[in-house]
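What follows is a set of notes on a single structure, which appears directly below.
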Amino acid sequence: MTSINEYFYSPADQELLQFNELGNFTNLWEAELDWFEPPNYRRSGWSGAARYELHRKNNEIVGVFIKRQENHLRRTWNSPKGCPTFRIEWQNLKKMTQYQVGVPTPLYYGERNLDGRRQAILITYELKDFKPLDEWLCDLDDKTPAVKKDLRLAVLPDIADVVRRLHDHRFRHNCLYPKHIMLKVRQDGDLTATDIRLIDLEKARRVFSPLRARIRDLDTLLRRCPEWSGYEKDLFLNYYLNLKLDKLAPKQLADELWKIPLVKWVKRRIASKSS
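For the record, in the sequence shown the residue sitting at position 133 is 133 according to my numbering, with numbers rising by one throughout.
Structure below.
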């Protein structure tokens, strides 16, 4: 017995897939794609992603990521028997896009139950010219010390804004590593513009208390980003909390932040895990 449910983010997205003869679950599942990275196998299921180029009617090429999985499930309170993790990611992408949290633009989601095999497909638009935060920081090594410092500090407010917006809407990322924060940095003279997107949202969830989300994600990010100095981490927290203390000297900034309970809890949690 076979059942299929599929959703397009917009009519234009449906038209784009149909124009490329990929307008239904079966065609997408059977399409010959090269894996962008080796599939992840766990228990009785697997999950993998492929980059693909779609063509618009005006011959414009659009990069997308097509992610496919089978029996790759997660139990939730409303799906005790488990649901495809891509369904959770699709729902998170739609909600975060609605709340203007920077994430990849969703295009399509579909799932099929084929003789007991739970299959799912998720498609998002490619983040063209974006780089993971940790990789971007390493790439700055070929810049002059002054330019490197200016760029490192310039991106902190925008990263903090996206993470704060995530938490303000009661989302917890649950895996907020530097590699899951994508940046596209553009320079125009002395001005630096940064576009931020959060990825790998299948583990993200809504929480009752934003405070728990803040502590968990901030702990993860600050602990997993050794490329940031202590001062840069404090500046990030300053921007995240919208304190306007960035003009203070490093020692003064650290002292003022320590007066804030959230910062104290996060730093103590980091210290306990590092000892």
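Quick reminder that beta carbons are idealized off the backbone N, C-alpha and C, glycines included.
Per DSSP, which residues does residue i bridge with? Please list them.
{"i": "Thr2", "result": "Leu114"}
{"i": "Ile123", "result": "Ile66, Tyr108"}
{"i": "Pro84", "result": "Leu73"}
{"i": "Val101", "result": "Answer by DSSP bridge pairing: none, since Val101 is not bridged."}
{"i": "Pro132", "result": "Met182"}
{"i": "Ser47", "result": "Asn40, Gln69"}
{"i": "Ala193", "result": "Arg186"}
{"i": "His55", "result": "Ile61"}
{"i": "Ser10", "result": "Paired residues: none, contrary to the question."}
{"i": "Trp35", "result": "Ala50"}
{"i": "Leu198", "result": "Ile181"}
{"i": "Ser209", "result": "The partner list for Ser209 (beta bridge, DSSP) is empty, contrary to what the question assumes."}
{"i": "Arg172", "result": "Arg205"}
{"i": "Ser79", "result": "Thr76"}
From residue i to residue j, what does the alpha carbon distance come to, in whole angstroms?
{"i": "Thr97", "j": "Tyr9", "result": "11 Å"}
{"i": "Gly45", "j": "His167", "result": "31 Å"}
{"i": "Pro178", "j": "Leu127", "result": "16 Å"}
{"i": "Arg214", "j": "Leu237", "result": "11 Å"}
{"i": "Arg51", "j": "Phe65", "result": "5 Å"}
{"i": "Pro261", "j": "Asp13", "result": "45 Å"}
{"i": "Gln18", "j": "Arg223", "result": "45 Å"}
{"i": "Leu183", "j": "Leu114", "result": "39 Å"}
{"i": "Gly116", "j": "Pro39", "result": "21 Å"}
{"i": "Gly48", "j": "Arg42", "result": "12 Å"}
{"i": "Gly110", "j": "Leu33", "result": "17 Å"}
{"i": "Ile61", "j": "Phe130", "result": "17 Å"}
{"i": "Glu232", "j": "Tyr99", "result": "27 Å"}
{"i": "Ser79", "j": "Gly230", "result": "42 Å"}
{"i": "Ala271", "j": "Leu22", "result": "50 Å"}
{"i": "Phe86", "j": "Asn174", "result": "16 Å"}
{"i": "Asp281", "j": "Pro145", "result": "Since the first residue shown for the chain is 1 and the last is 275, residue 281 is missing from the structure and cannot be characterised."}
{"i": "Trp35", "j": "Glu53", "result": "13 Å"}
{"i": "Gly63", "j": "Ser209", "result": "37 Å"}
{"i": "Ala249", "j": "Lys259", "result": "16 Å"}
{"i": "Glu37", "j": "Asp255", "result": "44 Å"}
Please determine, among the options, the residue with the shortest C-alpha to C-alpha distance to residue i.
{"i": "Ala71", "options": "Leu140, Lys81, Ile123, Val64", "result": "This sequence places Asn at residue 71; Ala is not what is there. Answer by Cα proximity: Lys81."}
{"i": "Leu16", "options": "Ile196, Tyr108, Leu153, Gln119", "result": "Tyr108"}
{"i": "Leu156", "options": "Ala12, Ala193, Ile121, Pro145", "result": "Ala193"}
{"i": "Gln69", "options": "Gly116, Leu183, Trp90, Leu122", "result": "Leu122"}
{"i": "Ile4", "options": "Asn24, Ile181, Ala12", "result": "Asn24"}
{"i": "Leu176", "options": "Gln18, Glu111, Arg216", "result": "Arg216"}
{"i": "Leu201", "options": "Val263, Pro104, Val162, Glu111", "result": "Pro104"}
{"i": "Ala154", "options": "Asp142, Val62, Leu137", "result": "Leu137"}
{"i": "Glu30", "options": "Asp141, Asp188, Lys251, Ala120", "result": "Ala120"}
{"i": "Asn92", "options": "Thr124, Arg112, Ser275, Gly63", "result": "Thr124"}
{"i": "Gly102", "options": "Ile270, Ile199, Asp234, Trp258", "result": "Ile199"}
{"i": "Asn27", "options": "Glu6, Asp141, Phe36, Lys143", "result": "Glu6"}
{"i": "Arg74", "options": "Ile88, Lys264, Arg197, Val62", "result": "Ile88"}
{"i": "Pro280", "options": "Pro226, Pro106, Lys95", "result": "Since the first residue shown for the chain is 1 and the last is 275, residue 280 is missing from the structure and cannot be characterised."}
{"i": "Ser274", "options": "Arg56, Asp219, Leu235", "result": "Asp219"}
{"i": "Trp228", "options": "His55, Thr2, Ile159, Leu245", "result": "Ile159"}
{"i": "Asp195", "options": "Thr2, Asp246, Val162, Leu221", "result": "Val162"}
{"i": "Leu243", "options": "Leu211, Pro145, Lys251, Leu257", "result": "Leu257"}
{"i": "Arg197", "options": "Lys259, Asn59, Arg164, Pro210", "result": "Arg164"}
{"i": "Asn58", "options": "Pro84, Asn20, Trp35", "result": "Asn20"}
{"i": "Pro185", "options": "Arg212, Arg118, Glu135", "result": "Just to set this straight, residue 185 is Val in the shown sequence, not Pro. Out of Arg212, Arg118, Glu135, Glu135 has the C-alpha closest to the C-alpha of Val185."}
{"i": "Leu221", "options": "Gln187, Asp255, Arg269", "result": "Arg269"}
{"i": "Lys264", "options": "Leu211, Leu248, Lys143", "result": "Leu211"}
{"i": "Lys67", "options": "Asp150, Lys149, Pro84", "result": "Pro84"}
Just to check my reading of the structure: residue i and residue j have Cβ atoms closer than 8 Å, yes? What is that Cβ distance to the nearest angstrom?
{"i": "Arg170", "j": "Val207", "result": "6 Å"}
{"i": "Ile181", "j": "Leu235", "result": "Actually they are not in contact, since the Cβ atoms of Ile181 and Leu235 sit about 16 Å apart, beyond 8 Å."}
{"i": "Arg152", "j": "Ala204", "result": "Not a contact, Cβ separation roughly 27 Å."}
{"i": "Leu253", "j": "Leu245", "result": "6 Å"}
{"i": "Arg112", "j": "Thr2", "result": "7 Å"}
Flag residue i as yes if its beta-carbon sits less than 7 Å from any beta-carbon of chain C, otherwise no.
{"i": "Ser79", "result": "Here chain C cannot be found, since the structure has a single protein chain."}
Using only the heavy atoms of the ligand FMN, determine whether one of them is closer than 6 Å to the beta carbon of residue i.
{"i": "Ala271", "result": "Inclusion of the ligand FMN in the displayed structure is not the case, the ligand content being empty and no account of it being possible."}
_To test your reading of the DSSP string, which unbroken alpha helix (DSSP H) runs of 4 or more residues are found completely within the segment 220-255?_
230-240
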